[in-house]
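Its first residue numbered 435, the sequence shown is counted upward by one per residue in my numbering.
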Amino acid sequence: MLAAGRRATLNMISFGAAMLTPGELSLYTQRAENGDCEAAYALYEHYEQLGNEVLANKWLLLSVSDARDFAEGLPEGTPVSGREAFKLDELEVAAKLIEAESGDVSAAEALYLHYAYGTYDPVMSATWRSTAASLGSERAQCDLAVSLMDAQPPDLQQARLWATTAAKSGSARGMELVREIEDRLQRRNGG
């Protein structure tokens, strides 16, 4: 029994950061949401290993949200974290809302990124991701495809639709996602 435990520990060490257990995941999530940068980084590593780019990026951005020491001396208004790079103030949100509701893809994507990374709101993020994807944002189309692939249960047909739409616009990420979805569909269908 002891040897098996050592093997498991060695396996986790050999693959880099260990995958978090459900209990650890809950604890780290709570700590990260309360501003613990180290917990956020542990969540980033966990989701990175799982291949969940959206959640990995969310936690990576949050892990550096309080890292202001390196920013001394930067010009006024320079974002000091990835999170701040996507954050919009109230006036910018109001302006982007008007533009996005008029069909402006850039404004819809800016609102999606604001709610996904700047001021985290999963409902608004999902709403604006779908809107931006429908308006032609390749990034939103790919992110929506990944979200559908990661859903429980996965919706691979819808994911393929969005990845294909992005790929037709020339998106390398969209093309890669189409291949990955096709592979998953083949495996699921026994091929």
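Glycine is no exception: its CB is placed at the ideal position from the N, C-alpha and C atoms. Computed from a predicted model, the values in this text were never measured in an experiment.
How many Å lie between residue i and residue j at the Cα?
i, j, result
"arginine 465", "leucine 477", "10 angstroms"
"glutamate 506", "aspartate 470", "For glutamate 506, the predicted structure reports a pLDDT of 49, less than 50, and the residue's modelled location is therefore unreliable. A value from the coordinates is still provided. Taking the straight line from one Cα to the other gives about 22 angstroms."
"leucine 569", "valine 539", "5 angstroms"
"glycine 624", "isoleucine 615", "14 angstroms"
"serine 497", "alanine 529", "29 angstroms"
"threonine 598", "glutamate 572", "10 angstroms"
"leucine 525", "alanine 519", "16 angstroms"
"aspartate 503", "leucine 595", "Reliability of the predicted coordinates at aspartate 503 is poor, the pLDDT of 43 falling under 50, and the value obtained from them is presented with this limitation in mind. Cα-Cα distance, rounded: 44 angstroms."
"methionine 583", "glutamate 543", "20 angstroms"
"tryptophan 607", "glutamate 472", "The question names tryptophan, but residue 607 is arginine in the sequence shown. Taking the straight line joining both Cα atoms gives about 29 angstroms."
"glutamine 592", "serine 559", "18 angstroms"
"lysine 492", "tyrosine 551", "6 angstroms"
My output table needs one value for residue i: the three-state DSSP class, helix, strand or coil.
i, result
"serine 605", "coil"
"methionine 453", "coil"
"glutamine 586", "coil"
"aspartate 577", "helix"
"aspartate 538", "coil"
"aspartate 470", "coil"
Just to confirm the assignment, what range does the alpha helix (DSSP H) spanning residue i have?
i, result
"asparagine 491", "487–497"
"threonine 561", "556–569"
"tyrosine 551", "Looking at the DSSP string, tyrosine 551 is not in any alpha helix (DSSP H), and its letter there is neither H nor E."
"lysine 530", "524–535"
If residue i sits next to residue j, beta carbons under 8 angstroms apart, how far is it from one beta carbon to the other, in whole angstroms?
i, j, result
"aspartate 555", "tyrosine 546", "Not a contact, Cβ separation roughly 11 angstroms."
"valine 488", "aspartate 577", "6 angstroms"
"threonine 553", "lysine 521", "6 angstroms"
"leucine 611", "valine 580", "7 angstroms"
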